[in-house]
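Chains as they are written, first to last, in our numbering: chain A, 1 to 422; chain B, 1 to 63. Don't be surprised by glycine CBs; every beta carbon is placed ideally from N, CA and C. The structure displayed is predicted, hence computed values, not measured ones. Contents: one structure, followed by commentary.
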Ligand SMILES: Cc1cc2nc3c(=O)[nH]c(=O)nc-3n(C[C@H](O)[C@H](O)[C@H](O)COP(=O)(O)OP(=O)(O)OC[C@H]3O[C@@H](n4cnc5c(N)ncnc54)[C@H](O)[C@@H]3O)c2cc1C
Ligand code: SF4
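Listed below in structure tokens is the structure:
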């Protein structure tokens, strides 16, 4: 196919979309539109190695020269899209009309802010490299740190502050952290990791105010506590970036709603990554993920489907994410089925493998510091394994390794050691 | 088709194994091993997907 492929959102999903388009032999024009001035960069390091004092460089995916000359992509950066007119097949970005034949929406998500804190210095969310630079500078100056929200990103920031020996308190409104992501019992297990490393976690405490004269000085909690703070990092979730699509006729409901092929239902328009809420055939339910792996894969699928709608392929996946805390790694594959969670290797408080059941199906696996395990369970879940098959597999692993979860650690650092291609 | 692994990039995460077990396998030392160097025709689609989903871009297919 020739014509003009436009991709809105110049991050992971958007980059993978343009790369996949070229790989399938698309020779038409490609325009990549991004709100940020930066070339596409990788976000997971921003709450991990990037926050260390050494000051890692911006984790850019591809050099400008590669994007423009090798991939033949016209870059429109610093040009937020503000409007989509699917009737005329035009996107308005940075005040310009950009006509398209095929469109991939990959505008991701932005961090939810704490109301009333805008303009107060020292209060940050963490989504962009600019946020990460500001947080790193505050950590460099030895800030007393309060993290609001005990989710994955907030937890990683807390771990980064502790690595520097700084005092840090994590405040979480719900009684158990991460219960949505990994279930209540395992959320508790994760919270214990914080306490073991000297991070105070206050659950069930809401923030009632953040005070300071121009700059943050203290955080007030609903239980009456006042926490002194020079840096407040707010990690209370992300919101899909669909504001610019209001009135476009696309269905927006907790993301851009898509079918299983990532098709929005509007001719030529597909969506991918954190912004997309698509029907995942693997679990036969709509999902919007905020995970690196699915954003990358969806970007590629959305572009291929947008360029050849008549042969559009479904995107079916067992969700996967990882998070690095205190030198250890939490990995999760699947969904946190609520019928049962069982620790099948190791034990709460240390390294472990826990499995999740829904009905008689194995639907999820959580590992803490057992990196060689998680993908084997992901494979089982992909193949629709029953609960008893999952348990039998775990028993076999225990037998083979004599319960030694060390087996397989060592060289297997997983995606956190992802090398950045130049 | 043959599978080519760039050992300087592979970290042994095993995303490939979860997509195409029996072709890729992470062993007990955390190293990813190829169980077959050439891809059987009926598994090509699966292996292509595994190649595409390696987060480290460590896999390639060659004729
Ligand atoms: C600090 C941090 C740590 C993370 N750690 C992990 C991890 O350990 N493991 C994991 O699996 N996942 C992790 N994630 C999640 C992962 O990074 C995301 O799932 C991934 O970045 C999603 O990619 P995306 O391209 O869909 O969206 P995004 O990366 O959000 O990119 C969307 C892009 O679109 C741009 N945009 C928005 N609106 C417009 C507009 N109107 N016009 C033009 N451009 C627009 C944005 O500026 C942005 O650059 C982390 C995320 C963050 C922020
Ligand atoms: S997915 Fe990639 S990095 Fe992971 S084991 Fe397979 S080839 Fe190696």
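{"Asked": "Within 8 Å, strictly: CB atoms of residue 129 of chain A and residue 6 of chain A", "Found": "no"}
{"Asked": "Secondary structure of residue 203 of chain A, DSSP reduced to three states", "Found": "strand"}
{"Asked": "Amino acids of chain B, ordered along the chain, whose beta-carbon sits closer than 8 Å to that of residue 19 of chain A", "Found": "Under the 8 Å cutoff, chain B gives no residues; its nearest Cβ is about 10 Å from residue 19 of chain A."}
{"Asked": "Contact residues within the region 295-310 of chain A, judged by C-beta distance below 8 Å to chain B", "Found": "296, 297 and 300"}
{"Asked": "Within chain A, partners of residue 23 of chain B - CB distance below 8 Å", "Found": "Within 8 Å Cβ-Cβ: nothing; residue 23 of chain B doesn't reach chain A, min ~11 Å."}
{"Asked": "Integer Cβ distance of residue 22 of chain A from residue 71 of chain A, believed to fall under 8 Å", "Found": "6 Å"}
{"Asked": "Residue 275 of chain A: CB within 7 Å of a non-hydrogen atom of ligand 1", "Found": "yes"}
{"Asked": "The alpha helix (DSSP H) enclosing residue 377 of chain A, as first and last residue numbers", "Found": "374-382"}
{"Asked": "Test: residue 55 of chain B CB closer than 8 Å to a CB of chain A", "Found": "yes"}
{"Asked": "Cβ-heavy atom distance, residue 54 of chain B to ligand 2, below 7 Å", "Found": "yes"}
{"Asked": "Pair within 8 Å by beta-carbon distance, residue 202 of chain A and residue 172 of chain A", "Found": "yes"}
{"Asked": "Span of the alpha helix (DSSP H), counted from its first residue to its last, around residue 129 of chain A", "Found": "129-140"}
{"Asked": "Start-to-end residues for the beta strand (DSSP E) that takes in residue 30 of chain B", "Found": "That residue, residue 30 of chain B, is in no beta strand (DSSP E); it is neither H nor E in DSSP."}
{"Asked": "Proximity test, residue 24 of chain B beta-carbon vs ligand 2 heavy atom, cut-off 7 Å", "Found": "yes"}
{"Asked": "Contact list for the region 42-60 of chain A against chain B, Cβ threshold 7 Å", "Found": "none"}
{"Asked": "Backbone CA spacing between residue 63 of chain B and residue 38 of chain B [nearest angstrom]", "Found": "9 Å"}
{"Asked": "Residue 15 of chain B - containing alpha helix (DSSP H), residue span", "Found": "15-19"}
{"Asked": "Span of the alpha helix (DSSP H), counted from its first residue to its last, around residue 401 of chain A", "Found": "387-401"}
{"Asked": "Residue 37 of chain B: contacting residues in chain A (beta-carbon distance under 8 Å)", "Found": "Correct list: empty, because the minimum Cβ distance to chain A is about 21 Å."}
{"Asked": "Within-8 Å CB hit, residue 329 of chain A to chain B", "Found": "no"}
{"Asked": "First and last residue of the uninterrupted alpha helix (DSSP H) at residue 152 of chain A", "Found": "152-163"}
{"Asked": "Near ligand 1: residue 46 of chain A beta-carbon under 7 Å from a heavy atom", "Found": "yes"}
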